[in-house]
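Protein chains in written order, with the UniProt record's numbering: chain A, 1 to 238; chain B, 1 to 333.
Contents: one structure, followed by commentary.
Have a look at this one:
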């Protein structure tokens, strides 16, 4: 860890910022997004806490680690350098490897909410410049990229930002699962606790990858997401 | 052929031109770095091959096909093939009146360690071409190095390409990296499909290969369209995990790339074509590709035939929409 990163990890204000961004209280609409989970429940593939944990582990290992966290790290570094073009590049590349249409839409929706929230709280030239490019329709505004840029400008270090993203993703889906399954609060906490090593694994996996090496791979999730697009009854956007 | 194989693992054709114009931060310019499609293949690339060396004749097969629209329909105007590729002319087989078909054959038993294959297919403006293989590609067991194939496809304005090889079968201990890059001019379209079988299933060989990486990248007149990857390392990461392949063994994907078409409508049409739900059908679905590029179809099943049938159904619908003719029959023998 560099001195700068070490300072960032110790900065109490950055720590508080990371708690705020990881909190399910953060108003980015995650409760409307199941990322295919609704279809896994409808298909009886997820019926309880164990199935849920195993499926969420796949998301962490096969989607977040090899793709979203890679883009997050790139956006984090770019924001630290004040390089809006590089943030947009990470954004466009993440869009290009996110093949399920509902996932792109979900990521864009929550990304836009987070970006506008961050800009309400404080002025920052990188976030403002990026928002301008989003407005121009130049780039999509993926959630992981906004989170990377926001943590980059707030001085939250990149490894922590990756863990924060994993934690936020899992708690968001646990909230969804509680409305789809009979999943008690203790069970939900147990899944979150059990998945800690997988979150660390996903964050580590993203370290050595460049933007050209994003390789998300979970075809059954993609197929069920395609079915969800056409499902007659659905509670969630994705 | 060189018995003493102190191979320069780079081989003679290590150009990195296809699609890695990324300005990414990861390419360290280390003198010791060997040119590999993915860092995971680097340790393999350093291993010498005990038989013919990497890059020696027979190991560096090349295939070049160029199609052009002529007054008599689409014609194969340039072809070049070295072992293990073999061509025996074109076939008058396509239901499209102007379509031209090439089935690439192989006189060898399959893809072996140290092989580096390069395939280039160019479809000129307004030409309609279909390229496939006559039989499955068998990727044989390996103890040294790896095998790689690079396929570069391009389609000129108003042209159409169907690139739909027979399935790839990964034998035990195989290490195989394949890259597909597709570039479309304005008004062009393509269907690119690929099916991977994780072993000789009839002899209960399943997920016994070491590593398989298949990447597909597409660009259009306005830049990158999408990128997809299949990366399987069964010993390290369970391919049958929920959401990955689940209870299925065989996986296939078809990319219907047509940036000038209504992707939303095409996606629904193709989904209807593949989402069977009956016993014996593949589990399959279609979704819109990013950047308005077209539609991705993915299919999973226990048997290669089932996945092929689903992808063929999608291909058939897509072809009717894109070129106004059905897909050719799937059977080749």
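Glycine included, each C-beta is placed from N, C-alpha and C at the ideal position.
Small disclaimer: the values here were computed from a predicted structure and weren't measured.
#1: Can you tell me whether DSSP reads residue 157(B) as helix, strand or coil?
#2: Please name the residue or residues paired with residue 63(A) in a DSSP beta bridge.
#3: Could you pull the DSSP bridge partners for residue 72(A) from this structure?
#4: Ends of the beta strand (DSSP E) at residue 228(B)?
#5: Considering just the uninterrupted stretch of the alpha helix (DSSP H) at residue 133(A), what are its terminal residues?
#6: Per DSSP, what kind of secondary structure is residue 194(B) in: helix, strand or coil?
#7: My assumption, with CB atoms under 8 Å, is that residue 64(A) sits in contact with residue 165(A). Please give the rounded CB distance.
#8: Can you give, in chain order, each stretch of the alpha helix (DSSP H) that sits fully within the stretch 107–185 of chain A and has at least 4 residues?
#9: So what does DSSP say about residue 54(B), is it helix, strand or coil?
#10: Return the residue from the list 117(B), 122(B), 169(B) that minimises the CA-CA distance to residue 141(B).
#11: Around the Cβ of residue 73(A), are there at least 16 other Cβ atoms within 10 angstroms (buried) or fewer (exposed)?
#12: Can you find a heavy atom of the ligand HEM that lies under 7 Å from the Cβ of residue 122(B)?
#13: Apart from the five residues just before and just after residue 131(A), which ones in its own chain have a Cβ nearer than 8 Å to its Cβ?
#14: In terms of residues, what are the limits of the alpha helix (DSSP H) holding residue 269(B)?
#15: Among all the DSSP beta bridges, which residues are the ones paired with residue 138(B)?
#16: Report the partner residues of residue 130(B) according to the DSSP bridge assignment.
#17: So, does the CB of residue 226(A) fall closer than 8 Å to a CB anywhere in chain B?
#18: Around the Cβ of residue 21(B), are there at least 16 other Cβ atoms within 10 angstroms (buried) or fewer (exposed)?
#19: Would you say residue 157(B) and residue 185(B) are within 8 Å of each other, going by their C-beta atoms?
#20: Return the CA-CA distance between residue 25(A) and residue 133(A), expressed in angstroms with no decimal places.
#21: How far does the beta strand (DSSP E) with residue 28(A) in it reach, from first residue to last?
#22: For a contact meaning CB atoms closer than 7 Å, what does residue 187(B) contact in chain A?
#23: Apart from the five residues just before and just after residue 312(B), which ones in its own chain have a Cβ nearer than 6 Å to its Cβ?
#24: How about the stretch 286–298 of chain B and the stretch 237–244 of chain B: do they share at least three Cβ pairs that are nearer than 8 Å?
#25: In chain A, what lies closer than 9 Å to residue 237(B) by C-beta?
#26: Along the chain, where does the beta strand (DSSP E) that runs through residue 283(B) open and close?
#27: Quick one, are the C-beta atoms of residue 259(B) and residue 101(B) less than 8 Å apart?
#28: If you draw a straight line from the C-alpha of residue 143(B) to the C-alpha of residue 113(B), how long is it?
#29: Using the beta-carbon of each residue, which ones in chain B are nearer than 7 Å to residue 229(A)?
#30: Cβ atoms of residue 231(B) and residue 230(A): under 8 Å apart, would you say?
#31: Closer than 8 Å, CB to CB, is residue 298(B) near chain A or not?
#32: Is residue 251(B) close to chain A, meaning its C-beta is less than 8 Å from at least one C-beta of that chain?
#33: Give every residue of the same chain whose Cβ lies closer than 6 Å to the Cβ of residue 78(A), excluding the five residues on either side of it in the sequence, and list them in chain order.
#34: Does any CB atom of chain A fall closer than 8 Å to the CB of residue 233(B)?
#35: Within 8 Å of any Cβ in chain A, is that where the Cβ of residue 31(B) sits?
#36: Cβ of residue 310(B) within 8 Å of Cβ of residue 282(B)?
So, from the data block:
#1: Walking along the second chain from the start, residue 157(B) turns up at place 157. Note: residue 157(B) maps to coil in three-state DSSP.
#2: For this step, residue 63(A) is matched to residue 63 along the first chain. Per DSSP, none; premise fails for residue 63(A).
#3: As a first step, residue 72(A) must be located in the first chain, where it is residue number 72. Paired residues: none, contrary to the question.
#4: Counting from 1 along the second chain, the entry for residue 228(B) is found at position 228. Judged by DSSP secondary structure, residue 228(B) falls within the beta strand (DSSP E) whose first and last residues are 223–232.
#5: By one-based count along the first chain, residue 133(A) stands at place 133. Run containing residue 133(A): 125–135, per the alpha helix (DSSP H) assignment.
#6: To locate residue 194(B), count along the second chain from 1; it is residue 194. Note: residue 194(B) maps to strand in three-state DSSP.
#7: Numbered from 1 along the first chain, position 64 holds the residue referred to as residue 64(A). Numbered from 1 along the first chain, position 165 holds the residue referred to as residue 165(A). Yes, residue 64(A) and residue 165(A) are in contact; Cβ-Cβ is about 7 Å, under 8 Å.
#8: Segments of the alpha helix (DSSP H) lying fully in the stretch 107–185 of chain A: 125–135, 143–154, 158–180.
#9: Along the second chain, one-based indexing puts residue 54(B) at 54. Three-state DSSP puts residue 54(B) in coil, outside helix and strand.
#10: The residue given as residue 141(B) occupies position 141 in the second chain. That would be 169(B), whose Cα lies nearest to the Cα of residue 141(B).
#11: The residue labelled residue 73(A) in the question sits at position 73 within the first chain. When all chains shown are included, residue 73(A) counts as buried.
#12: In terms of ligand content, the structure shown is empty, and the ligand HEM therefore cannot be addressed.
#13: The residue given as residue 131(A) occupies position 131 in the first chain. Answer for residue 131(A): 115, 116, 119, listed in chain order.
#14: For this step, residue 269(B) is matched to residue 269 along the second chain. Segment 263–274, the alpha helix (DSSP H) holding residue 269(B).
#15: By 1-based counting over the second chain, the position of residue 138(B) is 138. Its beta-bridge partners are 169(B).
#16: Here residue 130(B) corresponds to residue number 130 of the second chain, with the count starting at 1. 101(B), 162(B), per the DSSP bridge assignment.
#17: Along the first chain, read from residue 1 onward, the residue named residue 226(A) stands at position 226. So yes, residue 226(A) belongs to the interface.
#18: Here residue 21(B) corresponds to residue number 21 of the second chain, with the count starting at 1. Low local confidence applies: a pLDDT of 42 at residue 21(B) is under 50, so the model's placement there is unreliable, with the coordinate-based value given in what follows. By the 10 Å Cβ count, residue 21(B) comes out exposed.
#19: On the second chain, residue 157(B) is found 157 positions in, with the first residue counted as 1. On the second chain, residue 185(B) is found 185 positions in, with the first residue counted as 1. If you check the CB distance, residue 157(B) and residue 185(B) come in under 8 Å.
#20: Along the first chain, read from residue 1 onward, the residue named residue 25(A) stands at position 25. Along the first chain, read from residue 1 onward, the residue named residue 133(A) stands at position 133. In a straight line, the C-alpha of residue 25(A) is about 28 Å away from that of residue 133(A).
#21: Indexing the first chain from 1 puts residue 28(A) at position 28. If you look at residue 28(A), you'll find it isn't in any beta strand (DSSP E); DSSP assigns it neither H nor E.
#22: Along the second chain, one-based indexing puts residue 187(B) at 187. For the C-beta of residue 187(B), not a single chain A residue is nearer than 7 Å; the gap to the nearest is close to 21 Å.
#23: Working through the second chain from its first residue, we reach residue 312(B) at position 312. Exclusion of the five residues before and after residue 312(B) leaves 330 as the residues of its chain whose Cβ lies within less than 6 Å of its Cβ.
#24: The stretch 286–298 of chain B is not in contact with the stretch 237–244 of chain B.
#25: The count along the second chain starts at 1 and reaches residue 237(B) at position 237. For residue 237(B), the neighbours in chain A by C-beta distance under 9 Å run, in chain order, 61, 62.
#26: Start at 1 with the first residue of the second chain, and residue 283(B) comes out as number 283. In the DSSP assignment, residue 283(B) falls within the unbroken beta strand (DSSP E) covering 283–288.
#27: Counted from its first residue, the second chain places residue 259(B) at position 259. Counted from its first residue, the second chain places residue 101(B) at position 101. No, these two residues do not count as a Cβ contact at 8 Å.
#28: Locating residue 143(B) in the second chain gives position 143, counting from the first residue. Locating residue 113(B) in the second chain gives position 113, counting from the first residue. Residue 143(B) and residue 113(B): Cα-Cα distance of roughly 8 Å.
#29: Sequence index remark: in the first chain, residue 229(A) carries index 229 (1-based). 287, listed in chain order.
#30: Position 230 of the first chain, counted from the first residue, corresponds to residue 230(A). Position 231 of the second chain, counted from the first residue, corresponds to residue 231(B). Their beta carbons are not under 8 Å apart, which means residue 230(A) does not touch residue 231(B) by this criterion.
#31: As a first step, residue 298(B) must be located in the second chain, where it is residue number 298. Yes, contact with chain A.
#32: What you label residue 251(B) is simply residue 251 of the second chain in a count that begins at 1. Yes, contact with chain A.
#33: Mapped onto the first chain, residue 78(A) falls at position 78. Around residue 78(A): 86, 87.
#34: Counting from 1 along the second chain, the entry for residue 233(B) is found at position 233. The beta carbon of residue 233(B) does not come within 8 Å of any beta carbon belonging to chain A, so the residue lies off that interface.
#35: Taking the second chain and counting its residues from 1, the one referred to as residue 31(B) is at position 31. Summary for residue 31(B): the model assigns pLDDT 48, below 50, so the residue's position carries little reliability, and this model does not support an answer.
#36: Within the second chain, the letter at position 310 stands for residue 310(B). Within the second chain, the letter at position 282 stands for residue 282(B). It is a contact, given that the beta carbons lie within the stated cut-off.
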